[in-house]
Each structure stands twice: as C-alpha cells, then as structure tokens.
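Visitor:
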Amino acid sequence: MKKLLVVMLAACMVFALAACGGAAEGGDTPAPAGSGSGSGSASAPAAGQTLKMASHNAVVEGNPYRVRYELDMQEAAADAVNYGYNVSYNSFVANSDASTEQQQLQNSINEGFDIIVNNPVATTGLDPIIESAQNAGIVYINADCAYMSTDVDILNVVTDQEYLGYKTGQYAGEVLGNGAKVVMIAAWEGNQANTDRQRGFEKAIAEAGMEVVATGNHDWDTTKSQQIMAEILNSGVQFDGVLVSQCAENALEAFDAAGVAYPGFIGFGDTGAFMQKMLEVNKDGLVTPYIVLSNPPGVGATALNFALNEIAGKKLKDGVFAPGYEDTHQIWIKSKVCYTDKDVAAGTQVEGMSIEDYANSFEAGDSITFWLNFQEVQDTYFN
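Each number in the working numbering corresponds to the 1-based position in the sequence shown with 28 added.
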C-alpha cells in the first residue's frame, strides 16, 4: 500500500508541474485503482458513458493536504466504475494565480470535459467561466473553498470549517480557562475556508474569555507556520496556548528550535506527523494538551460524486444547504474524527482501533481523510 501511495504521489506531482505553465495537459488516462443545484445543463452526458473529469486546484506541491486531496480524487474516479461510470482523472494546478486558473478552466471547457471540480483561488471572479462551462453542458462544482458569488447557480461542496475552528477554541478554553492568553495563527487571509474557520475560532475565544495576544497567517504553508511561530517566540510576548489552523506540528518545531517549553495547549492538527508528535510529547505524562480534528481532503472526491449524481439525473433534497448559506448553495460535509489528549488517556478508540494505533497507521505527511462514494452521496443528499 505504501508503494502504491508513493506512485500516486509522484503522479500527482507530475500533474502539478505540468500545470504550472497554464497548459491544459493531463490526458484521458483512466484513474489508477483505489479504494445540484443547476451546476449542469440538460445536455450533460447520460449515466454509463465514459466521462472526462478535470480537477482544478489552487495549489498542490508542498501542501500535504492538497496532495491527499488529489489522491482521493483519483480513488473516487476509479471507484466510479462500480456505479457504471468510466471516469478519467485529469489534474490542473493554478499555483494560486487567478489568471492561470481562468486559462486552465477555459482550456478544460474548450477540450470538452464533462465534469469540472474546482478548488477556486478566489471566492469571486469566475462567473463568466462558470456560465460558459454550464452552457457547454459541463457539470461544474466547487469543492473545499466556497465560491461566494450569488450571480451564478453553482454548487459548493465544502467541509464545515466553522466547526473546526469552534471545536478547537472550545477545547482550548476548557484547558486554559478564562483570561488565558493565546496565539492565533490563521491560514490564508481572504480564503473562504479560512474565513469560515476563523468565525468559529473567534466565537469560541469570546465564549471562553480568552485574549489573543499575537496573530499571524501561515497560508497553509508548513515552512511559514514554523517561521511565524518562531517570530512570535522571539518577540517575547507571553502566552498560554497556541491556536493554529492546521500545520500545528510545524509550529511546534519552532519551540524545539528555540529550546523552550511547549505551550499549555496546541491545536488543531490533522496529519500523521502531528498525531505522532503529540503521542511522543505526552508519553510519560501530560505535557501539552491538544486536539486532533479531521479536515478531510476527500471533500473533492465527495464533490465528484455529487457531479455524478447530477449526471444521473438526481435532484437535491430540500434543506441540504447550510443554514444561512442557501444563497450560495453550500453543502457542509461534517468532520468525522475528533479526539484530544483526554481521549488518549481514557483509551477511547478511533475507527475501531486505539488512538495510538490509529495515529501510527499514517505516514507522517498524510492527512486524515474520508470521502463519500456515489451511493452515500445519493442516499444523503439526493431524492
């Protein structure tokens, strides 16, 4: 299995490099074997046909979450054969450049793709592209980061990011207590997923009566997470805990490099490296309370299965959109894994195994993930 993951990871990096220049490359090679709301038109392909799927991503290289996102997408494309679809997987990476993204999307439209799953660089600015895709009969769905324009009829399949921020802040408040001073390292300013997550963080911080004494943004960059934390340590500001929007293991590396004691709380993280690091830190007794939460990279694979259900002619059930976000057609996928140091001490199991075994079952750079297959999406969200 590890050899297969390495092969798939290498393939994903090849796609990322090929897409850097904005060329619409990737071909129609079937994916390797592996485990709406108006987003398409009446001319969309019928069930059972061979389908070309394009995964458009803001960034992949150097980002463990995004690498896993693409691997999950490959697996979901391969799994579609079990439901009567032959889906080819193609990957395009904009490297966070909006003009490159637009060019790549237009190329996918011109080349006659049947499905576009896009993790958008920005929350607006793609209306003409989206309308062009839909007019061409392409099923176009945004994944992971919501597209916030209300002028297009587009489906957003995203993780419940607000929950991730709120749950982390809530547990930090429980551990640190009222009046605690905390560092807040957010992700990518202006990114909708970060905006939603910060809304949860801020609500929990206010409820717990904590004070934010230092802030930064790591942009989901592992190197930058360590750098930001090092700068805060070097500033001399006093704090009790660290709230960090993933990349938590990298923030801890700054404490190691500085030779200072770990904080009274850190979270959240979702990689094998973070889970294993926290087991090591606390192996002889509690040193640093923490929280692990899953922000599943598989949300893109789940979005693909929303597209396939639309192609099958299924219609969304009433009430599936997140409350308050009906106008942007947001479907929030719930996180599945949540555990803390207290759960480890209590011997709680995760997915049928001890937390120790669960944490050690991951490669260091891999993220906790899951995705809903075609039938699960249909049963939960479609009539």
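Glycine included, each C-beta is placed from N, C-alpha and C at the ideal position.
Could you name the residues of the same chain whose beta carbon sits closer than 6 Å to that of D224, not counting the 5 residues immediately before and after it, in chain order?
Guide: So the qualifying residues of the chain are Q189 and E190.
Visitor: At the level of alpha carbons, what is the spacing between Q130 and E217?
Guide: Approximately 21 Å, taken between the alpha carbons.
Visitor: Since I359 contacts V348 with CB under 8 Å, what's their CB separation in whole angstroms?
Guide: Rounded, the Cβ-Cβ distance is 6 Å, consistent with contact.
Visitor: Kindly give me the distance between the Cβ atoms of Y335 and V88, rounded to whole angstroms, as I take these residues to be in contact under 8 Å.
Guide: Reading off the sequence shown, one finds Ala at residue 335, where the question assumed Tyr. Incorrect: roughly 20 Å between the Cβ atoms, too far for contact.
Visitor: Following the continuous beta strand (DSSP E) through G244, name the residue where it begins and the one where it ends.
Guide: E239 to N245 is the span of the beta strand (DSSP E), which, as asked, contains G244.
Visitor: So within the region 97 to 176, which uninterrupted alpha helix (DSSP H) runs reach at least 4 residues, ignoring any that extend past its ends?
Guide: You should have 126 to 138 and 155 to 163.
Visitor: Let me know if N262 comes out buried or exposed under the rule of 16 or more other beta-carbons within 10 Å of its beta-carbon.
Guide: Looking at its Cβ environment, which holds fewer than 16 other Cβ atoms inside 10 Å, N262 is exposed.
Visitor: Would you say the region 389 to 405 touches the region 316 to 327, given that touching needs at least three Cβ pairs under 8 Å?
Guide: Because the criterion of three Cβ pairs below 8 Å is met, the region 389 to 405 and the region 316 to 327 touch.
Visitor: Between the region 266 to 280 and the region 202 to 213, do at least 3 Cβ pairs fall closer than 8 Å?
Guide: Taking 8 Å as the limit for Cβ pairs, the verdict is that the region 202 to 213 does touch the region 266 to 280.
Visitor: Would you call the CB atoms of Q274 and A215 closer than 8 Å?
Guide: Closer than 8 Å, so yes.
Visitor: With burial defined as no fewer than 16 other Cβ atoms inside 10 Å of the residue's Cβ, what is the status of N91: buried or exposed?
Guide: So N91 ends up on the buried side.
Visitor: In angstroms with no decimal places, state the Cα-to-Cα distance between A242 and D394.
Guide: So the alpha carbons of these two residues sit roughly 29 Å apart.
Visitor: Look at the alpha carbon of D355 and the alpha carbon of T178, and state the distance between them as a whole number of angstroms.
Guide: Cα to Cα, D355 sits roughly 6 Å from T178.
Visitor: Quick check on the burial criterion: 16 or more other C-beta atoms within 10 angstroms. Buried or exposed for S253?
Guide: By the neighbour-count rule (16 or more Cβ atoms within 10 Å), S253 is buried.
Visitor: Does the beta-carbon distance from C173 to V185 come in below 8 Å?
Guide: Against a cut-off of 8 Å, the Cβ pair of V185 and C173 comes out as no contact.
Visitor: Just to confirm my understanding: we take V405, look at its own chain, exclude 5 residues before and 5 after, and list those with CB closer than 7 Å. What are they?
Guide: Cβ within range, chain order: T330, N333, F334 and N337.
Visitor: Which value, in whole angstroms, describes the spacing of the CA atoms of E308 and P351?
Guide: Their backbone Cα atoms lie some 40 Å apart in a straight line.
Visitor: On a Cα-Cα basis, can you pick out the residue from A150, T408 and A104 that is closest to N219?
Guide: Comparing Cα-Cα distances from N219 to each of A150, T408 and A104, the minimum goes to A150.
Visitor: What does DSSP give as the partner residues of K80 in its beta bridges?
Guide: BP columns for K80 point to S116.
Visitor: Can you find the residues in the same chain that come closer than 7 Å, C-beta to C-beta, to I158, ignoring five residues on each side of it along the sequence?
Guide: Closer than 7 Å at Cβ, skipping near neighbours: Y168, V180 and I182.
Visitor: Would Q162 and G193 qualify as a contact pair, given that the criterion is a beta-carbon distance under 8 Å?
Guide: No, the Cβ-Cβ distance between Q162 and G193 is not below 8 Å.
Visitor: Looking at the strands, I want to know which residues DSSP matches up with A214.
Guide: Beta-bridge pairing links A214 to N245.
Visitor: Looking at the structure shown, is N184 part of a helix, part of a strand, or coil, going by DSSP?
Guide: Three-state result, N184: strand.
Visitor: Give the DSSP-derived three-state secondary structure of F390 in the structure shown.
Guide: Of the three classes helix, strand and coil, the one that applies to F390 here is coil, per DSSP.
Visitor: Under 8 Å, do I383 and D371 count as touching if we go by C-beta distance?
Guide: A contact, by the Cβ cut-off of 8 Å.
Visitor: Thinking just about the alpha-carbon of each residue, which of Q134, A122, S83 and V240 is nearest to the one in V115?
Guide: For V115, the nearest C-alpha among the options comes from S83.
Visitor: Among H246, G201 and L154, which has the Cα closest to the Cα of F444?
Guide: In this structure the chain extends from 29 to 411, so residue 444 is not present and cannot be described.
Visitor: For V365 and M381, I'd like the C-alpha separation in whole angstroms.
Guide: Going by the C-alpha atoms only, they are around 13 Å apart.
Visitor: Select from A279, S160, V145 and A126 the residue whose C-alpha is nearest the C-alpha of T152.
Guide: Nearest C-alpha to T152: A126.
Visitor: Would a C-beta distance cut-off of 8 Å place A373 and Q304 closer than the cut-off?
Guide: No, the pair does not count as a contact, with Cβ atoms beyond the cut-off.
Visitor: Can you have a look at A6 and say buried or exposed, based on whether 16 or more other CB atoms are within 10 angstroms of its CB?
Guide: Because residue 6 is not part of the residues shown, which for the chain are 29 to 411, the question remains open.
Visitor: Only counting runs of 4 or more residues, tell me where the alpha helix (DSSP H) segments fall wholly within the region 278 to 361, in order along the chain.
Guide: With a minimum length of 4 residues, the continuous alpha helix (DSSP H) runs that stay inside the region 278 to 361 are 300 to 309 and 327 to 339.
Visitor: Taking I294 as the reference, which of E277, V95 and G300 has the closest Cα?
Guide: Selected option, being the one with the closest Cα: E277.
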